[in-house]
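To start, the structure under review is shown below, and the notes come after it.
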Amino acid sequence: MDEAPDFPTPVSDPSAGGISDHDTSPKNRAPLGPFARLARVQLVSAAGDALFTIALAGSLFFNLDPAAARPKVALYLILTIAPFAIVGPLIGPLIDRLPGGRRAMVIVSGMGRAVLAFLMIRHLNSLLLFPEAFGALVLGKTYHVAKSAIVPGLVRGHEDLVEANSKLVLLSGIGGAVAAGPGLLLGLIGSEWVLGVAMIVFGAVVPLGARLPRTSIASEPMQQDERSDLRRGGIVLAASAMAVLRGMTGFTLFLVAFWLRREDASVIWFGLMVAASAVGALIGAVAAPFLRRFVREEYLLGGVLTIAAAVGFLATFPGDRMAVLAFVASVGLAAGLGKLSFDAIVQRDAPTVNQGRSFARFETRFQLCWVIGALIPVVAPNGVLPLRAGLIILALSSASAAFLYLGGLVALAKGKRTPSRVIADQVWTEARYHKLSDRLPTWVSRILPNPSNRKTDQS
Numbered sequence: 002m003d004e005a006p007d008f009p010t011p012v013s014d015p016s017a018g019g020i021s022d023h024d025t026s027p028k029n030r031a032p033l034g035p036f037a038r039l040a041r042v043q044l045v046s047a048a049g050d051a052l053f054t055i056a057l058a059g060s061l062f063f064n065l066d067p068a069a070a071r072p073k074v075a076l077y078l079i080l081t082i083a084p085f086a087i088v089g090p091l092i093g094p095l096i097d098r099l100p101g102g103r104r105a106m107v108i109v110s111g112m113g114r115a116v117l118a119f120l121m122i123r124h125l126n127s128l129l130l131f132p133e134a135f136g137a138l139v140l141g142k143t144y145h146v147a148k149s150a151i152v153p154g155l156v157r158g159h160e161d162l163v164e165a166n167s168k169l170v171l172l173s174g175i176g177g178a179v180a181a182g183p184g185l186l187l188g189l190i191g192s193e194w195v196l197g198v199a200m201i202v203f204g205a206v207v208p209l210g211a212r213l214p215r216t217s218i219a220s221e222p223m224q225q226d227e228r229s230d231l232r233r234g235g236i237v238l239a240a241s242a243m244a245v246l247r248g249m250t251g252f253t254l255f256l257v258a259f260w261l262r263r264e265d266a267s268v269i270w271f272g273l274m275v276a277a278s279a280v281g282a283l284i285g286a287v288a289a290p291f292l293r294r295f296v297r298e299e300y301l302l303g304g305v306l307t308i309a310a311a312v313g314f315l316a317t318f319p320g321d322r323m324a325v326l327a328f329v330a331s332v333g334l335a336a337g338l339g340k341l342s343f344d345a346i347v348q349r350d351a352p353t354v355n356q357g358r359s360f361a362r363f364e365t366r367f368q369l370c371w372v373i374g375a376l377i378p379v380v381a382p383n384g385v386l387p388l389r390a391g392l393i394i395l396a397l398s399s400a401s402a403a404f405l406y407l408g409g410l411v412a413l414a415k416g417k418r419t420p421s422r423v424i425a426d427q428v429w430t431e432a433r434y435h436k437l438s439d440r441l442p443t444w445v446s447r448i449l450p451n452p453s454n455r456k457t458d459q460s
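Following my numbering, the numbering of the sequence shown begins with 2 at its first residue and continues without gaps.
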């Protein structure tokens, strides 16, 4: 079936009896193409996420004592792991094969977040706020997985896919930055006002998502050849680097949130942090197409890790809010530009795999890393992780990831084992894997990486 173009096109001259180029009546307006429809969903969803985060700043973090909030936040972050570590790998392939399965996930995520935002308005001072907030968090992550699966089916080729992902990251930054202003103003009145607007915005995702194409992502299960392609050395290295970036994003959010709470900072500062992250991602999306003309994607990914490490170390010296604001922006930049670089690497090195299915699998793992990263500052000893200690942890993590990634690229080029592979072979042996997995429940042991799979990896 022929698809409508993503943008309206000029038509005949009005002097010849045709329709004027300026005739924008609904009857004569060209329909939006499939990708433009997804772009609208992404813009609206990103705006809702920003509003929701600001609302949490005024309720979950700022209306409760940090000591009382930490155990509840930790519990529900742990519960958040389940859908991505256990349920996702089991039902994800089934959803991929159903016509419109991922579209249904987009619709459900919008409807569910709207309902939960409404319930949170009623339960701002109740313990029900916590399960509702983290239910919305799970649905937000679910949306990102579904979006990653849908995008490849809406574009024509690999280069178009890179450009499409860049546009979506750009729209995420725009949506988050634009929504941050009204969200901050409403936050001064009360979190219930921010949640009310977020409810309306998430509700808009439902009709917009219903206009997405009803297609299946994959008609048959993943074969061994496809798994082997996705285990190539360059892709494994890039996925590991991207996982660290996602973990840093979750770590940064909760580190900064609890630090601002201890500082008795206004909710405005939390909103500024959200806006800084969105602006960083926006800059990354704008710069990505230009930088890719001159720099290989691998060096872009390694470069953003190095930049995040440098800014993290520098931010520890003043340790004030402006320094943290700059670091949050650098993490947003690294996450945005890094994701686009990773997408391009997968498309280039594994062009024959099912892109929708593979990106959904990777995104599921990245969202899991986000949750694990968020857990670290929440479960810190004595319930407090000092800001400077957190920044040093982030900087060291980013620097280590940059070293292992760039060093791994050099090792692959020389036909040698990568530094991370050497460490893994010495630390995570098959004997230790089987010893630990035998002691754990089956559903938990499935999460653990099997060392025997490393033998089938291709460089």
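We put the CB at the ideal spot given by N, CA and C, even for glycine.
Alpha carbon to alpha carbon, how far is residue i from residue j?
i    : j    : result
V139 : L99  : 22 angstroms
H23  : R157 : With a pLDDT of 48 at H23, under the threshold of 50, the modelled position of this residue cannot be trusted; read the value that follows with caution. Looking at the two C-alpha atoms, the distance is approximately 29 angstroms.
G154 : G357 : 7 angstroms
H435 : P442 : 12 angstroms
Y77  : V380 : 12 angstroms
A51  : G184 : 8 angstroms
E164 : P35  : 15 angstroms
G235 : G320 : 36 angstroms
L341 : A137 : 26 angstroms
L254 : D439 : 35 angstroms
M274 : P290 : 26 angstroms
Q43  : D265 : 33 angstroms
P27  : V207 : Because the pLDDT at P27 is just 49, under 50, the model does not fix this residue reliably, and the value given afterwards should be weighed accordingly. Going from the Cα of P27 to the Cα of V207 covers about 21 angstroms.
A400 : V45  : 34 angstroms
H124 : L130 : 6 angstroms
G174 : R433 : 43 angstroms
R389 : T317 : 5 angstroms
E133 : G141 : 12 angstroms
T216 : S331 : 37 angstroms
L376 : E221 : 36 angstroms
P94  : A361 : 9 angstroms
R232 : L413 : 13 angstroms
V372 : F135 : 11 angstroms
P382 : L437 : 25 angstroms
G111 : T143 : 10 angstroms
A181 : N355 : 36 angstroms
P72  : V296 : 45 angstroms
N166 : S359 : 15 angstroms
L326 : R263 : 17 angstroms
L261 : G374 : 18 angstroms
M323 : D97  : 44 angstroms
Q368 : I218 : 20 angstroms
Rounded to the nearest angstrom, how far is the Cβ of residue i from that of residue j, given a contact under 8 angstroms?
i    : j    : result
L169 : A40  : 7 angstroms
T419 : L238 : 7 angstroms
V243 : F314 : Before going on, a small fix: residue 243 reads as Met here, not Val. Rounded, the Cβ-Cβ distance is 22 angstroms, inconsistent with contact.
R38  : L209 : 7 angstroms
A240 : R293 : Rounded, the Cβ-Cβ distance is 19 angstroms, inconsistent with contact.
I151 : L189 : About 37 angstroms; that fails the 8 angstroms criterion.
Is the beta carbon of residue i less than 8 angstroms from the beta carbon of residue j?
i    : j    : result
F271 : A75  : no
A48  : G176 : yes
P84  : F259 : no
I269 : E193 : no
A335 : D230 : no
P452 : E431 : yes
V329 : V245 : no
L187 : V179 : no
L171 : V347 : no
V195 : I82  : no
L338 : L301 : yes
E299 : L410 : yes
G333 : S278 : yes
A211 : I79  : no
**Item:** Stretch-stretch touch, CB-based, cutoff 8 angstroms, three pairs: the stretch 147-161 with the stretch 100-115
**Value:** Verdict: yes, contact present.
**Segments assigned alpha helix (DSSP H), at least 4 residues, entirely inside the stretch 342-398** = Uninterrupted alpha helix (DSSP H) stretches at least 4 residues long and entirely within the stretch 342-398 occur at 356-379, given in chain order.
**Asked** Are the stretch 305-325 and the stretch 221-236 in contact at 8 angstroms, needing three or more beta carbon pairs?
**Response** Contact fails: fewer than three Cβ-Cβ distances are below 8 angstroms.
**Item:** the stretch 241-261 touching the stretch 395-403, judged by at least three CB pairs closer than 8 angstroms
**Value:** The answer is yes - the stretch 395-403 touches the stretch 241-261, with three or more Cβ pairs under 8 angstroms.
**Message:** Could you tell me which whole alpha helix (DSSP H) segments of length 4 or greater appear in the stretch 265-303?
**Reply:** The qualifying runs are 268-292.
**Asked** Within the chosen definition, does the stretch 277-293 reach the stretch 404-412 through at least 3 CB pairs nearer than 8 angstroms?
**Response** The stretch 277-293 makes no contact with the stretch 404-412: fewer than 3 CB pairs, one atom from each, lie closer than 8 angstroms.
**Item:** Stretch-stretch touch, CB-based, cutoff 8 angstroms, three pairs: the stretch 186-203 with the stretch 117-136
**Value:** Touching, yes.
**Prompt:** Enumerated in chain order, which unbroken segments of the alpha helix (DSSP H) with a length of 4 residues or greater are wholly contained in the stretch 103-141?
**Reply:** Listed in chain order, there is nothing to give.
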